[in-house]
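Quick note, the sequence shown lines up with residues 2 to 195 if you use the UniProt record's numbering. What follows is a short report on a single structure.
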Amino acid sequence: PNAQLLIFAGSTRQQSFNRKLAHATAAIARDAGASVTVLELSDFDIPLYNADLEAEGTPADVVRLKQALFDHPAWIICSPEYNGSYTALLKNTIDWASSPVKGHPEWQDGTRSFRGKVVGMLSASPGALGGLRSQSHLGPLLTNLECWLAPKAFALGSAGSAFDESGTLVQQAHRDRVRAVVDQVLWAAERLQA
Ligand code: FNR
Numbered sequence: 002p003n004a005q006l007l008i009f010a011g012s013t014r015q016q017s018f019n020r021k022l023a024h025a026t027a028a029i030a031r032d033a034g035a036s037v038t039v040l041e042l043s044d045f046d047i048p049l050y051n052a053d054l055e056a057e058g059t060p061a062d063v064v065r066l067k068q069a070l071f072d073h074p075a076w077i078i079c080s081p082e083y084n085g086s087y088t089a090l091l092k093n094t095i096d097w098a099s100s101p102v103k104g105h106p107e108w109q110d111g112t113r114s115f116r117g118k119v120v121g122m123l124s125a126s127p128g129a130l131g132g133l134r135s136q137s138h139l140g141p142l143l144t145n146l147e148c149w150l151a152p153k154a155f156a157l158g159s160a161g162s163a164f165d166e167s168g169t170l171v172q173q174a175h176r177d178r179v180r181a182v183v184d185q186v187l188w189a190a191e192r193l194q195a
């Protein structure tokens, strides 16, 4: 597979299970021959969205984020579940990244960095359902932005005992589920780009 895969988590917590899952997924995808970038949302200084801020001039880090999203045809998002949905961080990031950038030659159309992307959804939670309910909200959000969702997804339950100290997923069954999503995302992204 030669599609460039972007992976990011909807949590910036130091010990975030979803960040761990993002890095474990990157390792699995690299083993599968993919070229992978893990994006840390903590590396982007993005305020809470307000249209007045947008009118004053989109923050430079939002433009940088839009470019990173635009440059990768295939994404995997590792989404935590807060109150049965995805995190405010993820919503705020996506809202900014889908807004137009005043005066910018490429980003007059805000959703351009989303349209046609193939996205795989993963989630992790210490709970039994693995954050699955976050995906039932995140999916329609992404579809609304004209992303193509991979039919396969995976929710990692009991995340507190799923990783070893090096961040590897302990269970082969979990690694297989992640690999299946990776394979499907890359497969579809290559065909959509053709
Ligand atoms: C949670 N958590 C949680 N877990 C879950 O499985 N379903 C839920 O609805 C919620 N709701 C929820 C709300 C709020 C406000 C917080 C802070 C947490 C627990 C959550 O899964 C846990 O904190 C994870 O560790 C968060 O993901 P990261 O940061 O480990 O990636």
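Every residue gets a Cβ at the ideal spot worked out from N, C-alpha and C, and that includes glycine. Computed from a prediction, not measured in an experiment: that's the story for all the values here.
Excluding sequence positions up to five away, which residues of its chain have a Cβ less than 8 Å from the Cβ of residue i?
i, result
"residue 112", "99, 146 and 147"
"residue 181", "153 and 155"
"residue 149", "117, 118, 119, 120, 189 and 193"
"residue 17", "10 and 81"
"residue 46", "60 and 62"
Which word fits residue i, buried or exposed, when buried means at least 16 other C-beta atoms lie within 10 angstroms of its C-beta?
i, result
"residue 1", "Absent from the model: residue 1. The displayed extent of the chain is 2 to 195, so no value can be given."
"residue 89", "exposed"
"residue 84", "exposed"
"residue 107", "exposed"
"residue 48", "exposed"
"residue 104", "exposed"
"residue 114", "buried"
"residue 131", "buried"
"residue 14", "exposed"
"residue 31", "exposed"
"residue 144", "exposed"
"residue 12", "buried"
"residue 136", "buried"
"residue 151", "buried"
Cutting at 7 Å between CB atoms, please list the residues of its own chain near residue i, excluding the five before and the five after it.
i, result
"residue 176", "29 and 170"
"residue 142", "95"
"residue 43", "13"
"residue 23", "8, 9, 10, 39 and 79"
"residue 73", "5, 6, 7 and 38"
"residue 128", "158"
Could you tell me which residues DSSP puts in a beta bridge with residue i?
i, result
"residue 10", "79"
"residue 156", "124"
"residue 150", "120"
"residue 5", "36"
"residue 170", "164"
Between which residues of its own chain and residue i is the CB-CB distance below 6 Å, once the five residues before and five after are set aside?
i, result
"residue 76", "7, 118 and 120"
"residue 38", "7"
"residue 178", "155"
"residue 27", "8, 37 and 39"
"residue 71", "114"
"residue 134", "82 and 85"
Contact check, residue i vs residue j under 8 Å by CB: the rounded distance?
i, j, result
"residue 164", "residue 67", "No, residue 164 and residue 67 are not in contact; Cβ-Cβ is about 31 Å, not under 8 Å."
"residue 96", "residue 50", "5 Å"
"residue 19", "residue 80", "7 Å"
"residue 168", "residue 25", "6 Å"
"residue 40", "residue 4", "That belief does not hold up - the Cβ atoms of residue 40 and residue 4 are roughly 16 Å apart, past 8 Å."
"residue 91", "residue 125", "Not quite, the Cβ-Cβ distance comes to about 13 Å (not below 8 Å), so this is no contact."
TODO: Tell me the start and end of each unbroken beta strand (DSSP E) in the region 51-96 that is at least 3 residues and wholly inside, in chain order.
DONE: 75-80
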